[in-house]
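Peer 1: This is the structure, below, for whatever I ask next.
Put into structure tokens, the structure is as follows:
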């Protein structure tokens, strides 16, 4: 494995006194039970990084995306989280002994301070489990661990680095050509949002899922409440961060209409939508007035994370503690994994070492993602965003 751009040996220290929020879940690391639940939850997120030695991208000599594909990898992780919510539900976790991989000892850390590591939770069963208090919905999600495990592997194969994978690097680069991008270019968070939308639209395996991309909110609607189309009053207020909550309920509702119509019962038949909102939260750096809103959004059950960064450095933000963001970093070059093999290894797509960075170092250009399951999920998302903006 080749670390790309990481230089420090230490790992983050997390407070035992403050709650740690991870994609709508809250943990207190001062208790052993919550510590283990957090470890299990974090290591269950799909960690998609630079790869090398994959089949050459069409029309190019590129067999790696190291050094240029980090935004595409961050986008893959966000979409993967949306697919997990759609097909498996938020309550599923992946606990497999030896199935998570620590990044290398030589790693870059934005803080440059003393850090400790969280102990990895080991489960000898090596199967997906419920988090306590969050049972599966038998009408929506797989009820048997082996079925959930199979779907987990299916989702991973959709992101493999092969021309036939619907969300692999080959497909995303192909779709990027329509935006004037090519292999080796930097892909911004707004462009990749539209690439994801098109990738899902053209994937026959995900017909029950849609992607909605909001207008690019780069300073528009500053100081306004939610528009009436989204359930808000539209009146002005003094909270400038509501700038990026410009999502139109009618547009999104049309994507989830017919939930269950003309289909057989089952988890894969319900309609779902991933809502992507490209934003710019400041000028050259993040405006501090947006920090509280970012925190509130990451607390929502519907949030699937935030992708952002700057040239050559994109990250996937999935939570926070106090004034530090929690993230997964794609800047780790790993060998190509052939997912056509039976029982292909999963070690390289799960990470057990959380990373954090100050909010102030977050690049202002980013895309925020949400997932809504059918019309009820959309109504809940609208209600949540209205509350956050008030």
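Residue numbers (the working numbering): 76 to 465.
Beta carbons: idealized from backbone N, C-alpha and C, even for Gly.
Rounding to the nearest angstrom, what Cα-Cα distance links residue 372 and residue 382 in this structure?
Peer 2: Their Cα atoms are separated by approximately 13 Å.
Peer 1: Decide yes or no for the touch test of the segment 343-357 against the segment 426-435: beta carbon pairs closer than 8 Å, at least 3 of them.
Peer 2: Segments in contact, no.
Peer 1: Can you give me the C-alpha to C-alpha distance between residue 347 and residue 330, rounded to a whole angstrom?
Peer 2: Straight-line Cα distance between these residues: approximately 8 Å.
Peer 1: Please report the distance separating the alpha-carbon of residue 238 from that of residue 149.
Peer 2: About 19 Å.
Peer 1: With a CB to CB cut of under 7 Å and the five nearest residues on each side skipped, what residues in its chain are close to residue 462?
Peer 2: Excluding sequence neighbours, residue 462 sits near nothing in its chain.
Peer 1: From residue 332 to residue 448, what distance separates their C-alpha atoms?
Peer 2: In a straight line, the C-alpha of residue 332 is about 11 Å away from that of residue 448.
Peer 1: Quick one: using the 10 Å Cβ neighbour count with 16 as the cut-off for buried, is residue 459 buried or exposed?
Peer 2: Result: buried.
Peer 1: Going by other Cβ atoms of all chains shown within 10 Å of its Cβ, with 16 needed for buried, is residue 264 buried or exposed?
Peer 2: Burial call: buried.
Peer 1: Between residue 157 and residue 349, what straight-line distance do the alpha-carbon atoms span, to the nearest angstrom?
Peer 2: Looking at the two C-alpha atoms, the distance is approximately 6 Å.
Peer 1: DSSP three-state label for residue 431, please.
Peer 2: Reduced to three states, the DSSP call for residue 431 is strand.
Peer 1: So residue 98 and residue 394 are in contact, right, with Cβ under 8 Å, and what is the actual spacing, rounded?
Peer 2: With 8 Å as the limit, residue 98 and residue 394 qualify as a contact, their Cβ atoms being about 6 Å apart.
Peer 1: Under 9 Å, Cβ to Cβ, is there at least one residue of chain D near residue 147?
Peer 2: This model lacks chain D altogether, as it is built from one protein chain only.
Peer 1: My output table needs one value for residue 425: the three-state DSSP class, helix, strand or coil.
Peer 2: Residue state, collapsed to three classes: coil.
Peer 1: Sort 397, 379, 262 by Cα distance to residue 367 and report the nearest one.
Peer 2: Ranking the options by Cα distance to residue 367, first place goes to 397.
Peer 1: Within 10 angstroms of its Cβ, does residue 364 collect 16 or more other Cβ (buried), or is it exposed?
Peer 2: Residue 364 should be labelled exposed.
Peer 1: Could you check which residue in 443, 422, 105 has the C-alpha nearest to that of residue 410?
Peer 2: Closest by alpha carbon: 422.
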